[in-house]
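Chains as they are written, first to last, in my numbering: chain Z, 1 to 108; chain Y, 109 to 222.
Glycine is no exception: its CB is placed at the ideal position from the N, C-alpha and C atoms.
Owing to the predicted nature of the structure, the values given are computational and were not obtained by experimental measurement.
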């Protein structure tokens, strides 16, 4: 079945550093989305991408929909402690597919 | 506006029992999706309903079923519970305006099967 390969699995960074994570798939998706999940809560939508090559920003977050439609990346600039959490890439389609998540730890 | 609400928050069941989980979408959202999230993993898609019709189904056994009501709320039923069904069950709602892909999640129901 369809699978998303999300990397890295976890990241330990200092406050103020930039972060980059990505997601690849063997399948084409029409939509890529990025979510963040805090402990004990449901995922929260960060960015939605609908066109190949699209680059979208939401505050300190920037995400891109890969040209091949098989990948996407998320960048976080100048990280702060509240960025801690699990970030999921999501391929949107007939069956929504979540990546395994990138666990981000930020040291103040 | 209220977000997606789910009930109950926590639930403990015994193997072989049946469980019903409930979800109320954001007002105006006509689509509801259900996900299973096992500890340490990403959510796995179970069902999506739009306008009371099943729009998508993930790779789950027939023990899992769902329905959507005229007010767009939804129930997820799981029969003959197994230990492996222990997980956080998430409900998400979406609207046609967001292409049905921009989903807003509830806090989940934590199901423990003993």
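Under 6 Å Cβ to Cβ from residue i, same chain only, skipping five residues before and after it: list those, please.
i, result
"residue 160(Y)", "176"
"residue 103(Z)", "10 and 86"
"residue 136(Y)", "none"
"residue 129(Y)", "184, 197 and 217"
For residue i, does the three-state DSSP call read helix, strand or coil?
i, result
"residue 170(Y)", "coil"
"residue 192(Y)", "helix"
"residue 18(Z)", "coil"
"residue 82(Z)", "helix"
"residue 45(Z)", "strand"
"residue 204(Y)", "helix"
"residue 63(Z)", "strand"
"residue 125(Y)", "coil"
"residue 38(Z)", "coil"
"residue 103(Z)", "strand"
"residue 28(Z)", "coil"
"residue 134(Y)", "coil"
"residue 158(Y)", "strand"
"residue 68(Z)", "coil"
"residue 53(Z)", "coil"
"residue 58(Z)", "strand"
For residue i, collect the residues of the same chain with a Cβ closer than 8 Å to its Cβ; drop the 5 residues on either side in sequence, then sort them by chain order.
i, result
"residue 166(Y)", "152, 153, 154 and 155"
"residue 111(Y)", "134, 212 and 214"
"residue 8(Z)", "21 and 102"
"residue 105(Z)", "10, 11, 12, 13 and 84"
"residue 138(Y)", "158, 159, 180, 203 and 204"
So, does the CB of residue i fall closer than 8 Å to a CB anywhere in chain Z?
i, result
"residue 136(Y)", "no"
"residue 124(Y)", "no"
"residue 133(Y)", "no"
"residue 192(Y)", "no"
"residue 215(Y)", "yes"
"residue 182(Y)", "no"
"residue 141(Y)", "yes"
If you measure from the beta carbon of residue i to each beta carbon in chain Y, is any gap under 8 Å?
i, result
"residue 73(Z)", "no"
"residue 42(Z)", "yes"
"residue 46(Z)", "no"
Report all residues from its chain with a CB closer than 7 Å to the CB of residue i; omit the five preceding and five following residues, and keep chain order.
i, result
"residue 116(Y)", "217"
Quiz prompt | Members of the segment 90-104 of chain Z that neighbour chain Y once the beta carbon cut-off is set at 9 Å | solution = Those residues of the segment 90-104 of chain Z that come within reach of chain Y (Cβ to Cβ, closer than 9 Å) are 90, 92, 93, 94, 95, 96, 97, 98, 99, 100 and 101.
Quiz item: Of the residues that make up the segment 13-34 of chain Z, which ones have a beta carbon closer than 9 Å to any beta carbon in chain Y?
Solution: Taking 9 Å as the Cβ-Cβ cut-off against chain Y, the residues of the segment 13-34 of chain Z that qualify are 30, 31 and 33.
Exercise. Could you run through the segment 146-172 of chain Y and flag, in chain order, every residue whose CB is less than 9 Å away from some CB of chain Z?
Key: 148, 149, 150, 151, 152, 153, 156, 163, 164, 165, 166 and 167: these are the residues of the segment 146-172 of chain Y whose beta carbon lies less than 9 Å from some beta carbon of chain Z, given in chain order.
Exercise. Compile a chain-ordered list of the residues in the segment 197-213 of chain Y whose CB is closer than 9 Å to at least one CB of chain Z.
Key: Within the segment 197-213 of chain Y, the qualifying residues are 198, 199, 200, 206, 207, 208, 209, 210, 211, 212 and 213.
Exercise. Tell me, please, whether the segment 18-28 of chain Z touches the segment 116-134 of chain Y by the rule of three or more beta-carbon pairs shorter than 8 Å.
Key: Output reads no: the segment 116-134 of chain Y does not touch the segment 18-28 of chain Z.
Quiz item: Does the count of Cβ pairs from the segment 193-209 of chain Y and the segment 137-150 of chain Y closer than 8 Å reach three?
Solution: Enough Cβ pairs lie closer than 8 Å, so yes.
Quiz prompt | Residues within the segment 48-79 of chain Z neighbouring chain B, beta-carbon criterion of under 8 Å | solution = Here the protein chains are Z and Y, and chain B is not one of them.
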